[in-house]
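> Mind looking over this structure? Questions follow.
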Amino acid sequence: MSEKRIIFIGAHPDDPDVYFGGTAIKLAKAGHKVKFLSLTNGDRGHHILSPKEICAVRRKEADKACRLAGLVEYEIFDIHDCHLEVNLENRKKVMRSLRNFAPDLVITHRPCDYHPDHRAAAQLVLDCAYICMVPHFCEDTPIPEKSPVFAHCFDLFRDPRPQRADAAIEFESVMDEKLALLSCHHSQFFEWLPWISGMKDFDPGKLDDTARKEHLMKWMQRFRTAADNGRDILKKVHGAEKGAKICYAETFEQSPYSIQLPQEEFQAMLMP
Ligand SMILES: [Zn+2]
Numbered sequence: 002m003s004e005k006r007i008i009f010i011g012a013h014p015d016d017p018d019v020y021f022g023g024t025a026i027k028l029a030k031a032g033h034k035v036k037f038l039s040l041t042n043g044d045r046g047h048h049i050l051s052p053k054e055i056c057a058v059r060r061k062e063a064d065k066a067c068r069l070a071g072l073v074e075y076e077i078f079d080i081h082d083c084h085l086e087v088n089l090e091n092r093k094k095v096m097r098s099l100r101n102f103a104p105d106l107v108i109t110h111r112p113c114d115y116h117p118d119h120r121a122a123a124q125l126v127l128d129c130a131y132i133c134m135v136p137h138f139c140e141d142t143p144i145p146e147k148s149p150v151f152a153h154c155f156d157l158f159r160d161p162r163p164q165r166a167d168a169a170i171e172f173e174s175v176m177d178e179k180l181a182l183l184s185c186h187h188s189q190f191f192e193w194l195p196w197i198s199g200m201k202d203f204d205p206g207k208l209d210d211t212a213r214k215e216h217l218m219k220w221m222q223r224f225r226t227a228a229d230n231g232r233d234i235l236k237k238v239h240g241a242e243k244g245a246k247i248c249y250a251e252t253f254e255q256s257p258y259s260i261q262l263p264q265e266e267f268q269a270m271l272m273p
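My numbering puts the first residue of the sequence shown at 2, with every later residue one more than the last.
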C-alpha cells in the first residue's frame, strides 16, 4: 500500500494523542494521511474554567497538536463532553466524517471502558463499520470506494477480556515527540487530570523540562503493558533481541465487524 489514510475517532480532544499518538507521528512523518476526530468538545473537563472557556482552550490545544503531529485535520464535534449519546443523529455525524475522509483504517476505543463517552464513541464507530458501505444509509454522503478496516486501541481493562494485540507499534523512537504532543493539551495534562486525581496543590509552573517529561510519562506507563501484550509481534517485526527490549508500544486489535486482514497485513497497515 502506498499512501495510507488512517483516522482515530476518540471521545475527547486528547484521546487520539494518548492512544495513537506515537503511531500517528510515525505515519504522518512517512507521508501518510492521518486524521484525529474527537466526538465531544471536551467542555466539562476543568475545575476552574467555564465550559465555554475550556471548549475554546481545547480547540486551540488540538490545533497545536494537529500542527505538531503533521495531521491532515483534528476535527472536533460540537457535542458536550460527558453527553455523548449513541443515537441515529450521532451515527450519521460520524458516518459523514468517516466517508468524507475515506480511510483505509478506522481506530477507536473498545466498548468496555470506564468513561461513558469512550463507550459511546466505540459503539458509534462500530455501528458505522458494516453500514459504511450501505449506499441508502446517510445518502447525502456517498459511500467510499472501498470498505475500511476497523480496529480498537489499547486499554488496561480486563473485563470481559484484555485487548488482543493484532498489531504492535513501538514508539520509544518518537517518545519525545509523543510527549510534546500530549504537552499541547496543557489544560488536561497539567491542570485538569492532576486536579481530578487528587493533586490539588500541583503547580505546573514549578516544573522544569525534565520534570514536565516525568509528569507526562505517567500516562505512558500503560503502554509498557501494551508492549508486553504485543511482545510476539514486536519480536517478529524487530527481531528477537531488539523486540524483547522494547518497553513502550501502542497495540491495536481488529474489529470482527469489518473486513478481516491477516495479522501481517494489519500490522503493515500501521507501519510507517
Ligand atoms: Zn477520553
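Using N, Cα and C, we set each Cβ at its ideal position, and we do this for glycine too.
Tell me the DSSP secondary structure of Val150 in three-state form.
strand
> State the DSSP-derived secondary structure class of Tyr249, mapped to helix, strand or coil.
The three-state secondary structure of Tyr249, taken from DSSP, is coil.
> Output needed for Pro143: all residues of its chain with C-beta closer than 8 angstroms, excluding positions within five of it in sequence on either side, in chain order.
Result list for Pro143: Arg100 and Pro136, in chain order.
> Using 8 angstroms as the cut-off, classify the Cβ of Ala63 as near or not near the heavy atoms of ligand 1, replying yes or no.
no
> Nearest by alpha-carbon distance to Asp167: which of Leu69, Cys67, Val150 and Cys139 is it?
Val150
> With the cut-off set at 9 angstroms, would you say His47 and Ser188 are in Cβ contact?
yes
> Determine whether the beta carbon atoms of Phe253 and Gly23 lie at a separation below 9 angstroms.
Cβ distance not < 9 angstroms, so Phe253 and Gly23 don't count as in contact.
> I'd like the span of the alpha helix (DSSP H) that includes Thr142, first residue to last.
Element bounds for Thr142: n/a, residue is neither H nor E.
> To test your reading of the DSSP string, which unbroken alpha helix (DSSP H) runs of 4 or more residues are found completely within the segment 36–85?
You should have 52–70.
> Any chance you could list the alpha helix (DSSP H) runs of at least 4 consecutive residues sitting entirely within the segment 223–247, in chain order?
Counting whole runs of 4 or more residues, the segment 223–247 contains the alpha helix (DSSP H) stretches 223–230, 232–239 and 241–246.
> Using 8 angstroms for Cβ pairs, my map puts Lys36 next to Glu4. What's the rounded Cβ distance?
Not really, about 13 angstroms apart at Cβ, beyond 8 angstroms.
> Have a look at Trp220, Arg165 and Leu208 and flag the residue whose alpha-carbon is nearest the alpha-carbon of Leu180.
Trp220
> For Pro52, which residues from the same chain have a beta carbon less than 7 angstroms from its beta carbon, with the 5 sequence-adjacent residues on both sides left out?
Cβ within range, chain order: Asp44 and Arg45.
> If you pair each beta-carbon of the segment 79–94 with each one of the segment 207–219, do three or more pairs fall below 8 angstroms?
no
> Closer than 8 angstroms to a non-hydrogen atom of ligand 1 - does that hold for the CB of His81?
no
> What is the C-beta distance between Tyr249 and Ala228, in whole angstroms, given that I count them as a contact (C-beta under 8 angstroms)?
The Cβ separation is near 6 angstroms, so the contact holds.
> State the start and end residues of the unbroken beta strand (DSSP E) segment that holds Gly10.
Residue identity check: residue 10 is Ile in the sequence provided, not Gly. Its beta strand (DSSP E) spans residues Arg6 to Gly11.
> Label Gln222 either buried or exposed according to how many other C-beta atoms from any shown protein chain fall within 10 Å of its C-beta, with 16 as the threshold for buried.
Exposed is the call here.
> Among Gln261, Ile247 and Thr41, which one has its Cα closest to the Cα of Asp82?
Thr41
> So which residues put a beta carbon under 5 angstroms from any heavy atom of ligand 1, going in chain order?
Ala12, His13 and Asp16
> Tyr20 and Ile80 - do their beta-carbons sit closer together than 9 angstroms?
No, they are not a contact pair.
> Measure how close the beta-carbons of Asp160 and Arg111 come, nearest whole angstrom, since I'm counting them as under 8 angstroms.
Under the criterion of beta carbons closer than 8 angstroms, Asp160 and Arg111 do not qualify as touching, at roughly 11 angstroms.
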